[in-house]
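Chemist:
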Amino acid sequence: MEHTGGVRPSPRSRRSSRGGARGAAAAPAPGEPVDLRSDTVTLPTEAMRRAMAEAEVGDDVLDGDPTMRELEERVAGLLGAADALWTPTGSMANLIALMSRLGRGDSFLAPQGAHVLDFELGTAAWLAGGMPRPLPHDAGPGKVTASAVRRAAADDGFYASLRPVLLCLENTHNSAGGTVTAPEEHASVAAAARAARLSVHLDGARLWNAAVALGVPPGALTVGADTVAVCLSKGLGAPVGSVVAGSAEFVEHARRLRKMLGGGVRQGGVLAAAGLVALEDIDRLAEDHDLATRLAAGLRERGWRVREPQTNIVLVDVADVRGTIAAFAEAGVRAGAIAGKLRLMTHRDVGDKHIRAALDRIGEVGPSSTGSPGGPAPLPRTALGG
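FYI, our numbering numbers position 118 of the sequence shown as 488, with every residue one higher than the one before it.
1) Where does the unbroken beta strand (DSSP E) through residue 534 begin, and where does it stop?
2) I need the DSSP call for residue 733, collapsed to helix, strand or coil.
3) Could you name the residues that DSSP lists as bridge partners for residue 575?
4) Could you give the DSSP three-state label for residue 620: helix, strand or coil?
5) Assuming contact is defined by CB atoms lying nearer than 9 Å, are residue 685 and residue 649 in contact in what I supplied?
6) Inspect the CB distances between the segment 532-540 and the segment 566-576 and report whether three or more fall short of 8 Å.
7) How about residue 669 and residue 722: do their beta carbons lie closer than 9 Å?
8) How far does the alpha helix (DSSP H) with residue 432 in it reach, from first residue to last?
9) Return helix, strand or coil for residue 712, following the three-state DSSP convention.
10) Among the candidates 584, 572, 674 and 601, whose CA atom is the shortest distance from the CA of residue 593?
11) Apart from the five residues on each side of it in sequence, which residues of its chain come closer than 7 Å, Cβ to Cβ, to residue 674?
12) Distance check for residue 719 and residue 634, CA to CA, integer angstroms please.
13) Considering just the uninterrupted stretch of the beta strand (DSSP E) at residue 720, what are its terminal residues?
14) Name the residue from 536, 680 and 600 whose alpha carbon lies nearest to the alpha carbon of residue 585.
15) Leaving out the 5 sequence neighbours to the left and right, which residues in its chain are closer than 7 Å to residue 498 when beta-carbon positions are compared?
16) Which two residues bound the contiguous alpha helix (DSSP H) that contains residue 501?
17) Would residue 505 and residue 556 qualify as a contact pair, given that the criterion is a beta-carbon distance under 9 Å?
18) Relative to the C-alpha of residue 530, which candidate in 457, 432, 708 and 475 has its C-alpha closest?
19) Would you check if the distance between the CB atom of residue 479 and the CB atom of residue 563 is smaller than 9 Å?
20) Among the residues of its own chain, which have a CB less than 8 Å from the CB of residue 371, if the five just before and after it don't count?
21) With a CB to CB cut of under 7 Å and the five nearest residues on each side skipped, what residues in its chain are close to residue 604?
22) Terminal residues of the continuous beta strand (DSSP E) containing residue 663?
23) Suppose you measure from the CA of residue 708 to the CA of residue 688; what does that come to, to the nearest Å?
24) Please go through the same chain and pick out, in chain order, the residues whose beta-carbon is closer than 8 Å to the beta-carbon of residue 692, but skip the five residues on each side of it.
25) Have a look at residue 412 and residue 715 and give me their C-alpha separation to the nearest angstrom.
26) Give the C-beta separation of residue 536 and residue 568 to the nearest angstrom, bearing in mind that I take them to be a contact with Cβ-Cβ under 8 Å.
27) By DSSP, does residue 598 sit in helix, in strand, or in coil?
28) For residue 519, which residues of its own chain have a beta-carbon under 8 Å away from its beta-carbon, when the five flanking residues on both sides are left out?
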């Protein structure tokens, strides 16, 4: 894909005023948990709900839905793509891209721990027919070098050898902790793949976070990719929806694949309207990144081993992940797990007071010696990492 500059704001999304954060100003009430499991727990804003209720719609399967089409064109413009297609989930968007490129007996390359490898129930092999080949992170967490791609794509000439035809990249890389790949790094790896006659798919479920963290337009991070998938229902806060983008020919084929997978959409503009509103708040993701940095710093001050976040994902090294999650929940903080780490994620529906409350409830590593009224609940020592 080619990098393009900014695009004209959507008329329909301009008419729907921005909704702002829900509950970010007020501290959580006593007994109310601070939910940091994922940025998918956000609720639609009032502006989204109004836009959904007032959306202009049509039958997208028969003759098109105008609001859906507006969203697809707007996302294509942001990504520097010729066209785009809405899908109900990010996993479906990725699967459509892989099905369009892979045949039975083909293999594809992806950084170790990529979503298409570990979190999509094996559909890349089961439905798309491709054999996955994970690549170690030789360029830092979540990232691979151009030389690694060249080595993995090299043809040894033996007819029975498995030959890759596709490289799947991920930006930000979820299981590596929301790590960001810069434009020049992405372009170098994509160029190596294309020189080796590989297609390139970019899983950009949180590409918006990468763009905000780097201060670049989203299209600067898609150069050299044949297809790109982005999500509207994570940090951007729409209630549902992803978009897969590429050439006009790809999108025409992708529409057939979406139907094959059960994704025929009728009056989808009701959902697309929320996505249009969400796109107006991309810059707000910087607030989530700042909160994640504050959360990580506060945890380190309390003795926790925490990786410095690049976006809105905070990974914590603990000895017993499941036990720590249970202890956090008892203290009033909901957490998740990924790649053997405890994961905390900031999002639009939490603010600075929520982060301060979460830190107070979590407390220091090890059980509290006394525990003051209303203070943090003591965490079992068996659940904590050293």
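Ideal Cβ placement from N, Cα and C applies to all residues, glycine included.
These figures come from a predicted structure and were not determined experimentally.
Modeler: So, from the listed chains and residues:
1) Going by DSSP, residue 534 is part of the beta strand (DSSP E) stretching over 534-540.
2) Three-state DSSP puts residue 733 in coil, outside helix and strand.
3) DSSP output for residue 575 lists no bridge partner at all.
4) Of the three classes helix, strand and coil, the one that applies to residue 620 here is helix, per DSSP.
5) By the CB criterion at 9 Å, residue 685 and residue 649 fall outside the cutoff.
6) A contact exists between the segment 532-540 and the segment 566-576.
7) For the 9 Å CB-CB criterion, residue 669 and residue 722 do not form a contact.
8) Looking at the DSSP string, residue 432 is not in any alpha helix (DSSP H), and its letter there is neither H nor E.
9) Annotated three-state conformation of residue 712 is strand, per DSSP.
10) Sorting 584, 572, 674 and 601 by C-alpha distance to the C-alpha of residue 593 places 572 at the top.
11) Taking C-beta separations shorter than 7 Å and ignoring five residues to either side along the sequence, the partners of residue 674 in its chain run 686 and 735, following chain order.
12) CA-CA distance, residue 634 to residue 719, rounds to 31 Å.
13) Where residue 720 is concerned, there is no enclosing beta strand (DSSP E), given that its DSSP letter is neither H nor E.
14) The option with the nearest alpha carbon to residue 585 is 680.
15) Same-chain partners within the cutoff: 465, 468, 469 and 472.
16) Run containing residue 501: none in the alpha helix (DSSP H); it sits in the beta strand (DSSP E), 501-505.
17) Between residue 505 and residue 556, the CB-CB gap reaches or exceeds 9 Å.
18) Looking only at 457, 432, 708 and 475, the smallest Cα-Cα distance to residue 530 is reached by 475.
19) The beta carbons of residue 479 and residue 563 sit closer together than 9 Å.
20) In the same chain as residue 371, and ignoring 5 residues on each side of it, the C-beta atoms closer than 8 Å to its own belong to 449, 450, 451, 589, 592, 593, 594, 595, 596, 598, 615 and 616, in chain order.
21) Excluding positions up to five away in sequence, the list reads 409, 410, 575 and 576.
22) Segment 655-671 is the alpha helix (DSSP H) holding residue 663; no beta strand (DSSP E) there.
23) The alpha-carbon atoms of residue 708 and residue 688 are separated by roughly 12 Å.
24) Correct list, in chain order: 707.
25) Each residue's Cα considered, the two are about 11 Å apart.
26) At roughly 6 Å, the Cβ-Cβ gap stays under 8 Å, so residue 536 and residue 568 are in contact.
27) Correct three-state label for residue 598: strand.
28) In the same chain as residue 519, and ignoring 5 residues on each side of it, the C-beta atoms closer than 8 Å to its own belong to 479, 505, 537, 559, 562, 563, 566 and 568, in chain order.
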